[in-house]
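Engineer: One structure coming up, written as structure tokens, with questions to follow.
Quick look at the structure:
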């Protein structure tokens, strides 16, 4: 039987990130995608031109409708926008005893627009992070969550320790914002004390819109299918590497990644990702 994945996130009219990216990724990895939309954005590759949150009762109704009929095997969150939305999502996770929770702490769009209200950061840390199977921040997001500057690999480890102290079972610290010109090295730290890194070659492109949404969705789909967390994270890294390498070159700004690439280059991607 096909496994079910769910995304609770914002809608991206440009199709490169948010709900749209998540559902494409779920489909590509052989899971059935369901969703609850938290906000509607007017955006394209040039930036975010408007954001309108969905009424809180409607968000709650969407989650209830999915949970009571199409029970997901794994769930991810993306853009949650406000403290009130974060709180209702956390309440629903507890109410339905949701397992396999992937938290993508979406805060800032590629063009610089804020996608998370400042007062929502505390709610994210207090209400949602403790429920996470894995949280997937990039370096700027990790700096906010850990309340520290991250420059070195020692800083990455220290920040991860602070995030784990919030209650998450694991943290995937993505390395796309590092200054290494040749490689993007990600670090994974788990509550049980284990850690590992995943390294891929850096691709010189501006077409990286939705990378966080897409990679976390790939992890979610993989967990839904019963993979171990480590294997799911390797799929996440491989999937997004393929999506970036096989460039679509759409739009005039930060273009989307290629959500359909992984199926054609899966074997090569898994060999190119160095795990240690």
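Residue numbers (our numbering): 14 to 289. Glycine included, every Cβ here is placed at the ideal spot set by N, Cα and C.
(1) So the candidates are 225, 216, 215 and 206; which of them puts its Cα closest to the Cα of residue 186?
(2) Short of 8 Å in beta carbon distance, which residues of its chain neighbour residue 276, apart from the five on each side in sequence? Order them along the chain.
(3) Check each candidate in 157, 107, 88 and 229 and name the one with the smallest Cα separation from residue 149.
(4) Assign residue 266 to one of three DSSP states: helix, strand, or coil.
(5) Three or more C-beta pairs closer than 8 Å, one from the stretch 195 to 202 and one from the stretch 38 to 53: is that the case here?
(6) Taking all protein chains shown into account, decide if residue 214 is buried (16 or more other Cβ within 10 angstroms of its Cβ) or exposed.
(7) Count the other C-beta atoms from every protein chain shown that fall within 10 angstroms of the C-beta of residue 15, then say buried if there are 16 or more, exposed otherwise.
(8) For residue 44, does the three-state DSSP call read helix, strand or coil?
(9) Report the residue from 274, 160, 87 and 109 whose alpha carbon sits nearest the alpha carbon of residue 116.
(10) Do residue 217 and residue 267 have their beta-carbon atoms positioned less than 7 Å apart in this structure?
(11) Nearest CA to the CA of residue 68: which residue from 245, 23 and 81?
(12) Could you name the residues that DSSP lists as bridge partners for residue 211?
(13) To the nearest angstrom, report how far apart residue 63 and residue 57 are at their CA atoms.
(14) So residue 44 and residue 237 are supposed to be a Cβ contact under 8 Å. How far apart are they, rounded?
(15) Per DSSP, which residues does residue 60 bridge with? Please list them.
Structural biologist: The answer reads as follows:
(1) Translated into the one-based positions of the chain shown, residue 186 becomes position 173. Closest option to residue 186, Cα to Cα, is 225.
(2) As a first step, residue 276 is located in the chain shown; it is residue number 263 there, counting from the start. For residue 276, where only same-chain residues beyond five positions count, the Cβ hits under 8 Å are 41.
(3) Looking up residue 149 in the chain shown gives position 136. It is 229 whose Cα lies nearest to the Cα of residue 149.
(4) The count along the chain shown starts at 1 and reaches residue 266 at position 253. If DSSP states are grouped into helix, strand and coil, residue 266 belongs with coil.
(5) no
(6) Stepping through the chain shown from its first residue, residue 214 is reached at position 201. Exposed is the call here.
(7) In the chain shown, residue 15 corresponds to position 2, counting from 1. That one is exposed.
(8) If you number the chain shown from 1, residue 44 lands on position 31. Here residue 44 sits in coil by DSSP.
(9) The residue given as residue 116 occupies position 103 in the chain shown. Considering only alpha carbons, the answer is 87.
(10) As a first step, residue 267 is located in the chain shown; it is residue number 254 there, counting from the start. As a first step, residue 217 is located in the chain shown; it is residue number 204 there, counting from the start. For residue 267 and residue 217, no; Cβs fall outside 7 Å.
(11) Counting from 1 along the chain shown, the entry for residue 68 is found at position 55. Measuring from the Cα of residue 68, the nearest candidate turns out to be 23.
(12) Locating residue 211 in the chain shown gives position 198, where the first residue counts as 1. DSSP lists 199 and 288 as partners of residue 211.
(13) As a working mapping, residue 63 is identified with position 50 in the chain shown. As a working mapping, residue 57 is identified with position 44 in the chain shown. Each residue's alpha carbon lies about 11 Å from the other.
(14) Sequence index remark: in the chain shown, residue 44 carries index 31 (1-based). Sequence index remark: in the chain shown, residue 237 carries index 224 (1-based). The pair is a contact, with the Cβ atoms about 5 Å apart (cut-off 8 Å).
(15) To locate residue 60, count along the chain shown from 1; it is residue 47. Per DSSP, 57.
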